[in-house]
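Colleague: Just passing along the structure, written as C-alpha coordinates.
Numbering (my numbering), first residue to last: 308 to 378.
Okay, structure coming up:
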(Lines of atoms letter the chains of each structure in order from A and count residues from 1; the text may use other names and numbers.)
(Lines give C-alpha, C1' and ligand atoms only; values in the text may rest on other atoms or scores of the structure.)
Protein backbone atom coordinates (compact mmCIF):
# COMPACT_ATOMS: atom_id res chain seq x y z
CA UNK A 1 0.00 0.00 0.00
CA UNK A 2 1.06 3.59 -0.52
CA UNK A 3 3.29 2.93 -3.48
CA UNK A 4 3.22 4.64 -6.84
CA UNK A 5 3.98 3.02 -10.14
CA UNK A 6 6.10 5.04 -12.53
CA UNK A 7 3.02 5.93 -14.58
CA UNK A 8 1.27 7.33 -11.50
CA UNK A 9 4.39 9.22 -10.44
CA UNK A 10 4.64 10.78 -13.89
CA UNK A 11 0.95 11.70 -13.82
CA UNK A 12 1.30 13.45 -10.45
CA UNK A 13 4.37 15.33 -11.65
CA UNK A 14 2.53 16.37 -14.81
CA UNK A 15 -0.36 17.71 -12.73
CA UNK A 16 2.00 19.73 -10.55
CA UNK A 17 3.86 21.05 -13.59
CA UNK A 18 0.61 21.98 -15.36
CA UNK A 19 -0.95 23.69 -12.33
CA UNK A 20 2.13 25.40 -10.88
CA UNK A 21 4.89 25.35 -13.47
CA UNK A 22 8.43 24.15 -13.09
CA UNK A 23 9.78 26.53 -10.46
CA UNK A 24 8.13 25.63 -7.15
CA UNK A 25 10.29 25.67 -4.06
CA UNK A 26 10.66 22.38 -2.23
CA UNK A 27 8.17 23.54 0.42
CA UNK A 28 5.62 24.65 -2.19
CA UNK A 29 6.06 21.37 -4.06
CA UNK A 30 5.53 19.31 -0.91
CA UNK A 31 2.38 21.22 -0.02
CA UNK A 32 0.95 20.83 -3.52
CA UNK A 33 1.80 17.12 -3.63
CA UNK A 34 0.26 16.46 -0.20
CA UNK A 35 -2.89 18.20 -1.41
CA UNK A 36 -2.98 15.82 -4.38
CA UNK A 37 -2.54 12.84 -2.06
CA UNK A 38 -5.80 13.86 -0.35
CA UNK A 39 -7.59 12.91 -3.59
CA UNK A 40 -6.01 9.48 -4.00
CA UNK A 41 -7.96 6.71 -2.23
CA UNK A 42 -5.81 5.25 0.54
CA UNK A 43 -3.24 8.02 0.34
CA UNK A 44 -5.29 10.47 2.36
CA UNK A 45 -4.55 8.41 5.48
CA UNK A 46 -0.90 7.72 4.70
CA UNK A 47 1.46 8.05 7.67
CA UNK A 48 3.40 11.35 7.51
CA UNK A 49 6.78 9.61 7.31
CA UNK A 50 5.69 7.60 4.27
CA UNK A 51 4.15 10.66 2.61
CA UNK A 52 7.38 12.58 3.20
CA UNK A 53 9.41 9.77 1.66
CA UNK A 54 7.27 9.71 -1.49
CA UNK A 55 7.25 13.51 -1.75
CA UNK A 56 11.05 13.55 -1.47
CA UNK A 57 11.35 11.01 -4.28
CA UNK A 58 8.97 13.01 -6.47
CA UNK A 59 10.79 16.24 -5.61
CA UNK A 60 14.05 14.76 -6.87
CA UNK A 61 12.44 14.06 -10.24
CA UNK A 62 10.65 17.43 -10.39
CA UNK A 63 13.74 19.36 -9.34
CA UNK A 64 15.89 17.42 -11.79
CA UNK A 65 13.56 18.38 -14.65
CA UNK A 66 13.75 22.02 -13.55
CA UNK A 67 17.55 21.93 -13.58
CA UNK A 68 17.59 20.39 -17.08
CA UNK A 69 15.24 23.14 -18.35
CA UNK A 70 17.67 25.81 -17.13
CA UNK A 71 20.49 24.49 -19.30
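Each residue gets a CB set at the ideal place from its N, CA and C atoms; glycine is no exception.
Just tell me which of 327, 334, 358, 366 has its CA closest to the CA of residue 310.
Modeller: Residue 310 has its Cα closest to that of 358, out of 327, 334, 358, 366.
Colleague: Could you check where the alpha helix (DSSP H) with residue 323 kicks off and where it finishes?
Modeller: Residues 313–327.
Colleague: Report yes if the C-beta distance between residue 344 and residue 366 is below 8 Å; otherwise report no.
Modeller: No, Cβ-Cβ distance for residue 344 and residue 366 is not below 8 Å.
Colleague: Quick one: give me the first and last residue of the alpha helix (DSSP H) that residue 336 is part of.
Modeller: Taken as a continuous stretch (DSSP letters only), the alpha helix (DSSP H) holding residue 336 covers 333–344.
Colleague: Out of 347, 371, 341, which one is the CA nearest neighbour of residue 360?
Modeller: Ranking 347, 371, 341 by Cα distance to residue 360 puts 341 first.
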